[in-house]
Every structure is written in structure tokens, then in C-alpha cells.
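K.L.:
Starting off with a structure, shown below.
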Amino acid sequence: MTRHHPDNLSLLEYSAGNLSEPHALCIRLHLDKCSHCRSRVDAMETLGAVIMEHQPRVSLSEGMFDSIMDRVDHGPEAAKPGSASPAPAPEKRQDVLQKLLGAGLNDLPWKRQLGDVSVLDITSKFPNQPERVVLQKLAAGGKAPTHTHRGEETTLVLQGAFADHKGVFNQWDFVVLNQEDEHKPVAVGCEDCITLSILSAPVKLTGTFTRLLNPFIR
Amino acid sequence: MMPATLSTPLNAKERPVAALDQKTANAEGPKDPWSRLLEKVGKHQDREAFHKLFEHFGPQIKYFAIANGLSSHAEELVQEVFVSIWRRSCLYDWRKAAASTWIFTIARNQRIDMLRKMQRTSAEIPIETEDLWQVPGENDDEPVTSLHRLMSERRIRESLGELSEEQTTVIAKVYMENKSHQRVADELNIPLGTVKSRVRLALNKLKVILQDQNP
């Protein structure tokens, strides 16, 4: 059972659609397994709808409804109610990881880093954004060296579990670490512990430069 | 640029004049009129119901697109949203989300999708927008939660007026202008910590969260 959750501010940014793709992926994978956070996001999406309702309205062009109906009736997507297939069930959500990675978690071209730690940099799967995205694997029973974090590191446990002085982090647990967090994680249980981590750019970028780099910030 | 109206506090005067009685539209009953209409579209491909939804939500979504900096694609976004509403309406379940919430998430996802397509280089993006961004109730095999969602929606509506102008401004920028907390801080020229505390206070006032997460 998940014990470590995203904070309210991250969920708010998620519900508003303002997160980068790697961060949205971490939250989405967590949401699929955590009804507590899902109900928080549902409430925040309601807030979004209520905010939208209180904004001004802008009138639409004449004939717009007809052109929508025209697309619905004759469009290439054969847009009929009922033509949409339901989204995959949460158990199948891992397919998204599979789709992204092109292989199962244990069949990836892992690069042994040191001792029990292997990594795989998947930043290239997320073009146009400034964060580094890595998968990290700590062999079952293995220890990682003591380390701190440059900038902010958001981590989701994808498989197995790890423990440090702050507690045990199980599958689908969500944790954010920063420069102040020095820890020495140990993989617990009989599986390799695999995490998805997003490392924020080491230098805080502001203004227009960030806007150029981040597709979700204009 | 940013319309001035965004920073005005939410008050009764800005309440929209809608084709349907606003009081009942605000989820006063177990099924509000918009949700009922959306259900008719899903079950019976009811075009008249779809047209009413279009008249009510279309102008809101056009404003949403403009606030998001998509002025030159605003009607295109409205069109995408409504084609998507028509196509997915069979999946809509009023017990899991109000029509307004469901439509807001579709608009949000279509906005993200449009931006992704504009920025797409030759490299195909392997994951779909909807792999990342949920639509409430669609992949949720939990028991029906109508009572919980109705209560939470009522709480949010009732307590919205209690927010300060500053809190309202921050929340509106986050939702309507696709701005991260950092960007809101830059734009209002206030520290990031101040933005975060305004958001936290607003969420507490709105009682969005019944109980916060375990430490």
C-alpha cells in the first residue's frame, strides 16, 4: 500500500495540466494505484471547472456548431458516440511504461554504475523539456552509496521497495528529495528496486529562457 | 495578453447568464441539468442536448483557450473539445463526475494535446496525452462515489466566495493560464513561497481536501 504521496501543490499543478510530461507521468502512475490522491485530484478538477465557469465568456462564430456536426457526421475519425474505447484499466497502466520504454522493466539495457546500482537515462523520450529523467535500479538487498541531491529529485517506486532513515518506500510510493536530504537507500524485499526519477535542472532558470525550454510554459 | 478580468475576485456579478436556470445547474440535485444533457448525448446521440452543452460550455472554452495564449487557435480548440465530447460521451458517468468537471478535463487535455502537436518534431512521441492526464471516472473501477463527489463539489462552490482576491488571482492563473507556481510568482513579482502559501490557504478554505495525506 502506498504511504508516500504527492503534496497538494503538485496535485493542483497536475489537475491544471501544468506539469512537464515526466512529472505528469509520475503522478499518473501514482494516481492509478492511490484512491486517496485520486479523490483529491477529482476535487481539484471540480475546482478547475468552477473557476472556468466564473470567467468571462467569448462568443463563438456563426455556424461553428454546424461545422462540428459536419465533422462528427463525415469526419475522418467517424466520430460517433460509442466509438471511443474506454481507457485501459489501471492494472494495464504499466503498458504505458512498456509503450514508453519498448521493453519490460527488467529487460532494459541497464548500465551498471557502481556496486549494486544501475541506471538508464530516458531523457530523450521526453523532448523539449529541461529535466533529466532516469530509471534507477538497486539490486535486491543492495545498498546505494550515501548521497545528496542536486536540485530537486522526484521519485516514484516502480518495482520492489527501498528503505532509508526516513522509512520504507514501496511500489507506487512518491517522494521528492532535495539538497538537504542526504540518504543511503537500501533495497528491501526479494526484488530489485526500480525507480523513475526526475532531476530538475541544477540551475534555476527564470523568465523567457525557461519558456523556451519548457513546452508547457509559454 | 492577460485579460484584466482575471484578477477580479469571483463574485455574483460575474456569474454567467445561462440558457438553463443557473441555480439548478449548480449541482443542486443529484443530477444537474448539464450532466443530464451529457448523458443524453452519450446514450441517445441527442443532438439537441449536445447543442445546449455547446452553447453553455463553448464560450467558456473559447475564453480558456485565449487565456492560455492560444488566441489564434481558440475556435479550433473549441471544435476539438466538442468532437471529443461527442465521441467520448458514452463513457461519461454522472455519478463519478459532474458534466462541468468532465468537460473541463477534456478541454485541459485537448489544450495539452494541441501544444504537444505544435511542438512535435519529427520524432514521434510514444505516449498519448491521455496516458498522462486522466479524465475522471473513465478508468476507475471503484464503487460509485456520487455522494462524495456531490458533497465535495458543493463545498467548493459554497466556499469559493471566501477566498481573498489574492488567492483567487493565483488559483485562476494556475487553472486558466497554464502557469506554474513559479511563473505566477515571476509574473506577480512575488516570491515563490508566497504563491505556494496562497494556494495552500485557498485549498484549505475551499476544503478541497477532507483530510490531508499522512506525514
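For the record, the sequence lines run as chains A and B.
As numbered in the working numbering, residues 24 to 241 make up the first sequence, in order.
As numbered in the working numbering, residues 3 to 217 make up the second sequence, in order.
Every residue gets a Cβ at the ideal spot worked out from N, C-alpha and C, and that includes glycine.
Taking contact to mean 3 or more Cβ pairs, one atom from each stretch, closer than 8 Å, check whether the segment 46-65 of chain A and the segment 83-93 of chain B are in contact.
P.N.:
no
K.L.:
Considering Cα atoms alone, identify which of A:L143, A:D96, A:R155 is closest to I217 of chain A.
P.N.:
Nearest C-alpha to I217 of chain A: A:L143.
K.L.:
Determine the burial state of C213 of chain A: buried for a count of at least 16 other Cβ atoms within 10 Å of its Cβ, exposed for fewer.
P.N.:
exposed
K.L.:
What are the start and end residues of the alpha helix (DSSP H) that includes V83 of chain B?
P.N.:
Run containing V83 of chain B: 76-90, per the alpha helix (DSSP H) assignment.
K.L.:
Assess, as a yes-or-no matter, whether the segment 66-77 of chain A is touched by the segment 100-107 of chain B under the definition of 3 or more beta carbon pairs within less than 8 Å.
P.N.:
yes
K.L.:
Grouping DSSP H, G and I as helix and E and B as strand, with all else coil, what is L128 of chain A?
P.N.:
It is helical.
K.L.:
For F56 of chain B, which three-state DSSP category applies?
P.N.:
helix
K.L.:
By the three-class DSSP mapping on this structure, what secondary structure does E203 of chain A have?
P.N.:
In this structure, E203 of chain A counts as coil in the three-state DSSP scheme.
K.L.:
Between T7 of chain B and E168 of chain B, what straight-line distance do the alpha-carbon atoms span, to the nearest angstrom?
P.N.:
In this predicted model, T7 of chain B has a pLDDT of only 43, less than 50, meaning its place in the structure is not dependable; the value taken from the coordinates is given anyway. Rounded to the nearest angstrom, the two C-alpha atoms are 13 Å apart.
K.L.:
Name, in chain order, the residues that DSSP records as bridge partners for C216 of chain A.
P.N.:
C216 of chain A is bridged by DSSP to A:L161.
K.L.:
Say whether chain A places a C-beta atom closer than 8 Å to the C-beta of V172 of chain B.
P.N.:
no
K.L.:
Quick one: which residues of the segment 110-138 of chain B get their C-beta closer than 8 Å to a C-beta of chain A? List them in chain order.
P.N.:
Using a CB distance below 8 Å, the part of the segment 110-138 of chain B facing chain A consists of R110, N111, R113, I114, L117, R118, Q121, T123, A125, I127, P128, I129, E132, D133, L134, W135, Q136, V137, P138, ordered along the chain.
K.L.:
According to a CB-to-CB cut-off of less than 9 Å, which residues of the segment 83-96 of chain A neighbour chain B?
P.N.:
L83, S84, M87, F88, S90, I91, M92, R94, V95
K.L.:
Roughly how many whole angstroms lie between the Cα atoms of I129 of chain B and F149 of chain A?
P.N.:
Answer to the nearest angstrom: the Cα atoms are 10 Å apart.
K.L.:
Which stretch, first to last residue, makes up the alpha helix (DSSP H) that contains A101 of chain B?
P.N.:
101-121
K.L.:
Let me know the secondary structure DSSP gives D30 of chain A once reduced to three states.
P.N.:
coil
K.L.:
Output, in chain order, the set of chain B residues within a Cβ distance shorter than 8 Å of L54 of chain A.
P.N.:
Q136
K.L.:
Would you list the residues sitting across from F185 of chain A in a DSSP beta bridge?
P.N.:
Its beta-bridge partners are A:F192, A:A210.
K.L.:
Over the uninterrupted beta strand (DSSP E) stretch that includes Q136 of chain B, give me the two end residues.
P.N.:
Counting along the chain, Q136 of chain B falls outside any beta strand (DSSP E), and DSSP gives it neither H nor E.
K.L.:
Within 8 Å, do at least three Cβ pairs link the segment 69-86 of chain A to the segment 184-199 of chain A?
P.N.:
no
K.L.:
Give the range of the alpha helix (DSSP H) segment to which R94 of chain A is assigned.
P.N.:
Run containing R94 of chain A: 87-97, per the alpha helix (DSSP H) assignment.
K.L.:
When we look at the beta-carbon of S90 of chain A and count the other beta-carbons within 10 Å, is it buried (16 or more) or exposed?
P.N.:
exposed
K.L.:
With 9 Å as the C-beta to C-beta threshold (strictly closer), list the residues of the segment 64-75 of chain A near chain B in chain order.
P.N.:
V64, D65, A66, M67, E68, T69, L70, G71, A72, V73, I74, M75
K.L.:
Nearest to R97 of chain B by CA position, among B:W36, B:N180, B:G163, is which residue?
P.N.:
B:W36
K.L.:
Within 10 angstroms of its Cβ, does M120 of chain B collect 16 or more other Cβ (buried), or is it exposed?
P.N.:
exposed
K.L.:
Tell me, please, whether the segment 186-200 of chain A touches the segment 125-133 of chain A by the rule of three or more beta-carbon pairs shorter than 8 Å.
P.N.:
no
K.L.:
Who are L222 of chain A's beta bridge partners in DSSP?
P.N.:
A:R155, A:E176
K.L.:
V209 of chain A and K166 of chain A look like a contact to me (Cβ under 8 Å); what is the Cβ gap, rounded to whole Å?
P.N.:
5 Å
K.L.:
Using the beta-carbon count (16 or more within 10 Å), is K25 of chain B buried or exposed?
P.N.:
For K25 of chain B, the predicted model reports a pLDDT of 44, less than 50, meaning its position is unreliable; a value from the coordinates is still stated below. By the neighbour-count rule (16 or more Cβ atoms within 10 Å), K25 of chain B is not buried but exposed.
K.L.:
Along the alpha helix (DSSP H) that carries K56 of chain A, what are the first and last residues, could you check?
P.N.:
44-56
K.L.:
Is there a Cβ of chain B sitting closer than 8 Å to that of G40 of chain A, yes or no?
P.N.:
For G40 of chain A, at least one C-beta of chain B is nearer than 8 Å to its own C-beta.
K.L.:
When DSSP labels each residue in this structure, what does D95 of chain B get in the three-state scheme?
P.N.:
coil
K.L.:
Would you kindly check if the distance between the Cβ of H172 of chain A and the Cβ of Q202 of chain A is under 8 Å?
P.N.:
yes
K.L.:
Where does L34 of chain A land, buried or exposed, given buried means 16+ other C-beta within 10 angstroms?
P.N.:
Under this definition L34 of chain A is a buried residue.
K.L.:
With respect to the beta strand (DSSP E) encompassing R157 of chain B, which residues constitute its N-terminal and C-terminal limits?
P.N.:
Run containing R157 of chain B: none in the beta strand (DSSP E); it sits in the alpha helix (DSSP H), 148-161.
K.L.:
Kindly say whether K42 of chain B, judged by its beta-carbon, lies nearer than 8 Å to any beta-carbon of chain A.
P.N.:
no
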